[in-house]
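Quick notes on the structure that follows.
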Amino acid sequence: MNILNTPDERGHFGAFGGRYIAETLMPAILELTEAYAKAQQNQEFQDDLQALFTNYVGRPTPLFFARGLTEKMGGAKIYLKREDLAHTGAHKINNTMGQALLAHHMGKTKVIAETGAGQHGVATATAAAYFGMECKVFMGVEDISRQAPNVKRMELLGAEVVPVSSGTGTLKDAMNEAMRYWVGAVEDTFYVIGSVAGPHPYPAMVRDFQRVIGDEAKRQIMEAEGRLPDTLVACVGGGSNAMGLFYPFVGDKDVEMVGVEAAGIGIESGKHSASLGAGEIGVLHGSKSYVLQTQDGQIQEAHSVSAGLDYPGVGPEHALLKEEGRARYVSIKDDEALNAFHTLSRAEGILPALESSHAMAWAMKEAARRSKDDVILVNLSGRGDKDLETVLKHMERKGA
22 MNILNTPDER GHFGAFGGRY IAETLMPAIL ELTEAYAKAQ QNQEFQDDLQ
72 ALFTNYVGRP TPLFFARGLT EKMGGAKIYL KREDLAHTGA HKINNTMGQA
122 LLAHHMGKTK VIAETGAGQH GVATATAAAY FGMECKVFMG VEDISRQAPN
172 VKRMELLGAE VVPVSSGTGT LKDAMNEAMR YWVGAVEDTF YVIGSVAGPH
222 PYPAMVRDFQ RVIGDEAKRQ IMEAEGRLPD TLVACVGGGS NAMGLFYPFV
272 GDKDVEMVGV EAAGIGIESG KHSASLGAGE IGVLHGSKSY VLQTQDGQIQ
322 EAHSVSAGLD YPGVGPEHAL LKEEGRARYV SIKDDEALNA FHTLSRAEGI
372 LPALESSHAM AWAMKEAARR SKDDVILVNL SGRGDKDLET VLKHMERKGA
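Next comes the structure, spelled out in structure tokens:
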């Protein structure tokens with residue numbers, strides 16, 4: 022299989038992906054598939070999207086040489102792709118502006134979304150406000166508690182935040198509820214999925230809207246170093262920021278791609294979110310991929326200190342990259358991510374999101390082992406302001 026040419030017309034990434042959905046959703050999915058295919062060939066749509074990226078999102082985001090952190094680690098050069106500097110403070114805005122623009126072209130007047138850490142919810146509420154659309158954001162009650170500032174931001178932007186108390190009250194349950202709501206509202210409502218997950222065409226469509234990260238990074242590292250990086254690093258929950266960085270480099274076989282999942286309090290404890298590292302093949306939210314599940318096939322509860330990584334599945338294209346050996350997937354524990362949060366904050370004056378802190382933790386350890394001639398490029402997918410309450414509670418527990 023040529024992994025550059027995926028998915029096929031039915032949304033399969035090798036053995037993964039596809040459409041596993043209720044019959045009632047199929048007309049909406051087919052309408053979306055046709056509309057997105059036309060948008061890809063529509064120069065006016067592409068021009069509008071580029072203008073939004075430049076004038077509203079604030080692209081290109083910088084590629085920053087982390088000199089202080091590099092000196093502290095004493096090994097490979099560390100570069101940071103600063104998606105935390107995009108409008109709303111995370112890479113999520115790339116995808117939501119793309120999907121909201123598509124919804125606008127389709128004549129939809131309402132959007133819905135699910136969110137975990139709140140970054141996707143804020144980005145969707147922002148896009149809805151820009152296009153003058155009604156917006157509902159489904160969010161687990163546990164995540165509402167962990168991410169209160171982002172809940173207020175969504176409400177200030179005019180969105181209705183719908184609490185979801187079923188299950189564990191986290192991202193998985195919010196996505197379940199959003200899909201249930203969409204079944205009864207497909208006529209005028211567009212579902213803005215926040216990651217490279219869900220039924221076809223969402224995984225490929227979200228990837229395409231996020232590939233701007235990798236396209237820019239490729240140009241920027243060539244300008245800075247005159248060559249491609251040795252290693253790309255990004256955190257992986259559902260996997261949209263990682264896929265956005267990785268995709269333009271898939272054909273560059275000498276560039277290593279490393280996705281960092283959340284090991285929580287340890288893989289052996291069962292309290293983690295490492296779907297690729299410790300999951301099995303199954304179906305979740307409309308597509309086949311690696312999923313955390315029990316021996317009976319029930320979805321297993323995920324755990325991470327980072328709400329954005331607290332998801333028991335992963336995008337199907339990551340499953341293919343793992344199976345083909347084109348990318349490798351590692352994991353970082355909660356404590357390691359929190360330590361990386363503090364290290365980057367003090368070395369560079371940058372507060373990273375706890376999601377990104379997982380990628381940073383692995384990159385720091387790896388940089389210390391590498392030659393000073395090596396280059397590691399990390400996607401800093403979001404800023405850490407939203408995680409201050411979690412970080413401060415952790416510091417209190419440790420007596421810091």
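For the sequence shown, the numbering used here begins at 22 and goes up steadily by one. Note that beta-carbon positions come from the ideal geometry of N, C-alpha and C, so glycine has one too.
- Burial is judged here by how many other beta carbons sit within 10 angstroms of a residue's own beta carbon; residue 91 has at least 16 and is buried.
- For the pair residue 213 and residue 269, the Cα-to-Cα distance works out to about 23 Å.
- The beta carbons of residue 335 and residue 296 sit closer together than 9 Å.
- For residue 53 and residue 211, the gap between their C-alpha atoms comes out near 9 Å.
- If you keep only unbroken beta strand (DSSP E) runs of at least 3 residues inside the segment 255-314, you get 277-285, 301-305 and 308-312.
- By the Cβ rule, the segment 304-314 does not count as touching the segment 233-250, because fewer than three pairs are nearer than 8 Å.
- In this structure, 104 is the residue among 97, 104, 100 and 99 with its C-alpha nearest to the C-alpha of residue 80.
- For the 9 Å CB-CB criterion, residue 256 and residue 327 form a contact.
- Secondary structure of residue 160 (DSSP, three-state): strand.
- The criterion of a C-beta distance shorter than 9 Å is not satisfied by residue 372 and residue 411.
- A straight-line Cα-Cα distance of about 43 Å links residue 391 and residue 162.
- The straight-line gap separating the alpha-carbon atoms of residue 82 and residue 265 is approximately 14 Å.
- Each residue's CA atom was taken as its position, placing residue 350 and residue 299 some 11 Å apart.
- A residue is called buried when at least 16 other Cβ atoms come within 10 angstroms of its Cβ; residue 243 does not meet this threshold and is exposed.
- By the CB criterion at 9 Å, residue 329 and residue 138 fall inside the cutoff.
- Residue ranges of uninterrupted beta strand (DSSP E) with 3 or more members, entirely inside the segment 154-223 and ordered along the chain, are 155-161, 181-185 and 210-213.
- Short of 6 Å from the beta carbon of residue 97, and not among the five residues preceding or following it, lie these beta carbons of its own chain, in chain order: 388, 391, 395 and 397.
- Sorting 345, 186, 407 and 35 by C-alpha distance to the C-alpha of residue 274 places 345 at the top.
- DSSP, reduced to helix, strand and coil, places residue 349 within a strand of the structure shown.
- Burial check for residue 420: the Cβ neighbour count within 10 Å stays below 16, so the residue is exposed.
- DSSP, reduced to helix, strand and coil, places residue 324 outside both helices and strands of the structure shown, so it counts as coil.
- Ranked by Cα distance from residue 36, the first of 199, 302, 178 and 286 is 302.
- Apart from sequence neighbours up to five positions away, the residues of its chain that approach residue 405 with a beta-carbon distance below 6 Å are 372, 373 and 374, ordered along the chain.
- A straight-line Cα-Cα distance of about 35 Å links residue 292 and residue 205.
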